[in-house]
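Chemist:
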Amino acid sequence: MKLFDSHCHLNFSDFNKDRIQVIENCLNSGIIGMCIPATQSAEWDSLTATTVTGKMRQYVALGLHPCFLSQHQEADIDRLDELLGQPIQHIVAVGETGLDFYDTHLTDNQRSLQYSLFTQQVQLAKKHQLPLIIHARKSHDQVLKALRQYKPEAGGIIHAYSGSEQQAKQYIQLGFKLGVGGVITYPRAAKTRHLSATLPINSIVLETDAPDMPLHGFQGLRNSPEQLLPIAECLAKLRNIEVKEVAEHTTVNCQKLFSREDEF
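Residue numbers (my numbering): 59 to 322.
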């Protein structure tokens with residue numbers, strides 16, 4: 059059984075003391091690969107220096123997260139364009155990008171800046187024929203509008219999907235996968251659990267978002283990509299199928315999305 063974590067931040071300092079052990083534990087649990095998306099340009103150099111040699115396949119995405127506006131510079135988009143054009147084989151996506159309108163105190167200027175940075179990254183993804191990893195919170199209609207306008211052809215992932223069934227179907231029609239993570243382990247997350255159980259399995263990828271989004275029963279603790287197996291087991295239970303079937307489908311979904319069918 060092979061599992062792939064489509065979204066974790068193993069590069070964060072939370073893992074500085076035990077990163078090697080975490081990777082070893084992942085391998086022992088059947089987790090053979092992961093995608094590590096950047097949140098700001100300060101992470102790009104270290105991520106592009108990461109290698110995919112060895113048993114754990116560590117791929118990366120480069121982008122500008124909407125919640126880190128103060129860290130982004132005007133020149134970042136040009137630099138991102140340059141990096142995406144280089145022959146760095148383990149860059150598999152543009153992200154983490156998107157829109158986050160959860161904070162009701164956001165100014166119009168902040169919303170506009172988020173939208174501008176997002177749409178520029180969507181256009182870069184289209185230019186470089188790469189999928190997107192999209193963070194969308196209280197913003198699905200605006201994200202869908204941008205995707206329809208700019209038409210990125212390689213699709214992508216809607217990270218930690220929690221929107222409606224109708225919006226999910228619209229994303230799928232646009233070529234996107236929906237990220238399913240630890241939220242489904244919470245009994246109160248009825249809507250997300252129902253969607254995860256009923257949407258086509260070829261539209262789902264697994265993720266931990268480690269070190270964030272801890273599973274039910276682990277609130278307040280550091281999340282880890284090691285927790286991908288319990289997420290897969292929960293999804294299998296919700297769908298009334300074997301966990302190996304969840305693993306097979308979701309891993310193949312990642313392979314196809316990232317154009318890495320022969321690598322893991």
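Glycine included, C-beta positions come from ideal geometry on N, C-alpha and C.
Report buried or exposed for asparagine 11, applying the criterion of at least 16 other Cβ atoms within 10 angstroms of its Cβ.
Modeler: The structure shown has nothing for residue 11, since the chain only spans 59 to 322.
Chemist: Taking the straight line between their C-alpha atoms, what separation do you get for isoleucine 192 and glycine 213?
Modeler: Spanning the two alpha carbons is a distance of roughly 10 Å.
Chemist: Determine the closest residue to proline 95 out of Glu82, Gln231, Leu120 and Tyr219, with distance taken between C-alpha atoms.
Modeler: Of Glu82, Gln231, Leu120 and Tyr219, the residue nearest in Cα terms is Leu120.
Chemist: Determine whether the Cβ of leucine 279 lies closer than 8 Å to any Cβ atom of chain C.
Modeler: The structure shown contains no chain C; it holds only a single protein chain.
Chemist: What residue from His274, Met271 and Lys227 has the CA that sits closest to proline 258's CA?
Modeler: Of the candidates His274, Met271 and Lys227, the one whose C-alpha sits nearest the C-alpha of proline 258 is Lys227.
Chemist: On the CB-based measure, 16 or more other CB atoms within 10 Å of its CB, does serine 261 come out buried or exposed?
Modeler: The residue in question, serine 261, is buried, as its Cβ has 16 or more Cβ neighbours within 10 Å.
Chemist: DSSP puts glycine 156 in a beta bridge; with which residues?
Modeler: According to DSSP, glycine 156 bridges with His193.
Chemist: Tell me, which residues are paired with leucine 264 by DSSP?
Modeler: DSSP lists Val238 as partners of leucine 264.
Chemist: Would you identify the three-state DSSP class for phenylalanine 276, choosing helix, strand or coil?
Modeler: Reduced to three states, the DSSP call for phenylalanine 276 is coil.
Chemist: With a cut-off of 8 Å, do at least 3 Cβ pairs link the stretch 269-279 to the stretch 311-320?
Modeler: With the cut-off at 8 Å, the stretch 269-279 and the stretch 311-320 do not touch.
Chemist: By a C-beta neighbour count over all protein chains shown, 10 Å radius and 16 as the cutoff for buried, is serine 104 buried or exposed?
Modeler: Flag for serine 104 reads exposed.
Chemist: Report all residues from its chain with a CB closer than 8 Å to the CB of alanine 218; omit the five preceding and five following residues, and keep chain order.
Modeler: Excluding positions up to five away in sequence, the list reads His65, His193, Gly237, Gly239, Val241, Glu265, Asp267 and Met271.
Chemist: By the 10 Å Cβ neighbour count, where 16 or more other Cβ atoms means buried, how is glycine 156 classified, buried or exposed?
Modeler: Under this definition glycine 156 is a buried residue.
Chemist: Which residue or residues does DSSP assign as beta-bridge partners of valine 301?
Modeler: Beta-bridge pairing links valine 301 to no other residue.
Chemist: With DSSP run on the structure shown, which of helix, strand or coil describes leucine 202?
Modeler: Correct three-state label for leucine 202: helix.
Chemist: Pull up the CB-CB distance for histidine 148 and threonine 108, whole angstroms please, since I reckon it's below 8 Å.
Modeler: Contact flag correct, Cβ pair sits at about 7 Å.
Chemist: Give every residue of the same chain whose Cβ lies closer than 6 Å to the Cβ of glutamine 187, excluding the five residues on either side of it in the sequence, and list them in chain order.
Modeler: Result list for glutamine 187: Ala212, in chain order.
Chemist: Kindly indicate the opening and closing residues of the alpha helix (DSSP H) around alanine 226.
Modeler: Here the alpha helix (DSSP H) through alanine 226 covers 223-231.
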